[in-house]
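Asker: What follows is a single structure, and I will ask about it in a moment.
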Amino acid sequence: MACAELAPCPFCGVEAKLYGTSSDGYLHCPNDACPVKPSVFSKRLGFKGNLIEAWNTRSSPADRAVT
Ligand SMILES: [Zn+2]
Numbered sequence: 000m001a002c003a004e005l006a007p008c009p010f011c012g013v014e015a016k017l018y019g020t021s022s023d024g025y026l027h028c029p030n031d032a033c034p035v036k037p038s039v040f041s042k043r044l045g046f047k048g049n050l051i052e053a054w055n056t057r058s059s060p061a062d063r064a065v066t
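With the first letter of the sequence shown counted as 1, position 44 gets the number 43 in numbering that gives the first Met the number 0; the numbers rise by one all the way through.
Dropping the structure here:
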């Protein structure tokens, strides 16, 4: 594994989809049945690191309540 592993959506358990690249793009839950369908945008966050890391941080059990 060269990159960080992508965690599943914390709300439905489906694997998130990466659009663009991990440094310039966004991650999004592709499951239409997901109650939250969270997304993480690299530009909105001003995040210059690895988007996958941001998603995984957000997906941690401690952050479940964050929408
Ligand atoms: Zn989901």
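Just so it is clear, CB atoms sit at the ideal spot from N, CA and C, and this is done for glycine as well.
Spatial neighbours of N30 within its chain, please: C-beta separation below 6 Å, excluding the five flanking residues on both sides.
Answerer: So the list reads C11, V13, once near-sequence residues are dropped.
Asker: Quick one: what's got a C-beta closer than 7 Å to G19's C-beta in the same chain, skipping five residues either side?
Answerer: Y25.
Asker: With a cut-off of 8 Å on the beta carbons, I'd call L50 and V35 a contact; round off their distance for me.
Answerer: L50 to V35, Cβ: 18 Å. No contact.
Asker: Identify the continuous alpha helix (DSSP H) that holds L50 and give its terminal residues.
Answerer: Segment 50-57, the alpha helix (DSSP H) holding L50.
Asker: D23: which of S41, T56, R57 sits nearest, CA to CA?
Answerer: Closest option to D23, Cα to Cα, is S41.
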